[in-house]
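Participant: Below are the structure tokens for one structure; questions will follow.
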């Protein structure tokens with residue numbers, strides 16, 4: 001194969017890779033950090049004094065920034081990841097390892113809150129619309145309130161309601177719809193982390209080989 005043909009082939013493959021790259025990120029990194037802020041300051045003062053807000057920020061962005069996770073951002077897969085990181089956070093917290101607990105809870109908040117981003121409740125959405133939705137979210141401030149119920153049910157409801165939100169937003173482009181989704185994600189994250197810390201016992205999760213590698217890579221940065 002001639003050099004010119006080879007270079008053209010590489011160009012075509014690169015373009016196809018960009019076109020076919022899955023749209024996985026829901027909220028932007030800024031939004032995830034904003035969610036962690038309201039979660040942290042929504043926790044009791046004695047818990048705030050133990051947790052590290054900077055480590056929570058790091059964890060909240062890493063599924064996109066470091067893990068390059070294109071799979072686990074929608075329910076039910078997002079619940080599996082959230083549960084795993086919540087359990088790891090609880091295990092670290094109970095041992096007094098508050099740095100790792102902070103990081104783990106930050107990662108958990110990412111998977112929980114992404115479930116409430118409306119584009120993640122549907123499939124085949126237009127990328128431009130997806131991007132516009134999340135860019136509008138960057139200008140909004142999440143508000144967290146108490147949520148009753150188990151996390152699995154809360155996230156399942158978020159998935160079901162998200163499809164309705166997405167269709168409504170496409171028709172109106174009303175930012176109050178995004179604000180409502182954002183508040184639900186922040187509220188679910190706060191309730192889940194608070195419940196995890198307050199639970200009477202920790203069940204150390206079984207890590208898959210991939211999750212073990214991710215944790216090791218995290219420690220290198």
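In full-length UniProt numbering, the protein residues as written are 1 to 221.
Each residue gets a CB set at the ideal place from its N, CA and C atoms; glycine is no exception.
Distance, Cα to Cα, residue 76 vs residue 152?
Facilitator: Each residue's alpha carbon lies about 8 Å from the other.
Participant: Just mark residue 42 as buried or exposed, buried being the case when its beta carbon has 16 or more other beta carbons within 10 Å.
Facilitator: Flag for residue 42 reads buried.
Participant: Starting from the C-beta of residue 181, find all residues in its chain whose C-beta is less than 6 Å away, skip the five residues before and the five after it, and write them out in chain order.
Facilitator: So the qualifying residues of the chain are 116, 118 and 165.
Participant: How many whole angstroms separate the CB atoms of residue 58 and residue 103, which I take to be in contact at a CB cut-off of 8 Å?
Facilitator: That pair is a contact at about 6 Å.
Participant: If you draw a straight line from the alpha carbon of residue 168 to that of residue 91, how long is it in whole angstroms?
Facilitator: So the two alpha carbons sit approximately 41 Å from each other.
Participant: Apart from the five residues on each side of it in sequence, which residues of its chain come closer than 7 Å, Cβ to Cβ, to residue 196?
Facilitator: Within the same chain, residue 196 has close Cβ partners 86, 89 and 90.
Participant: Have a look at residue 56 and residue 109 and give me their C-alpha separation to the nearest angstrom.
Facilitator: Their backbone Cα atoms lie some 9 Å apart in a straight line.
Participant: Could you pull out every residue in the same chain whose Cβ sits closer than 6 Å to the Cβ of residue 175, ignoring the five residues on either side in sequence?
Facilitator: Only 136 meet the Cβ criterion.
Participant: Considering residue 78, what are the terminal residues of the alpha helix (DSSP H) in which it resides?
Facilitator: Taken as a continuous stretch (DSSP letters only), the alpha helix (DSSP H) holding residue 78 covers 77-94.
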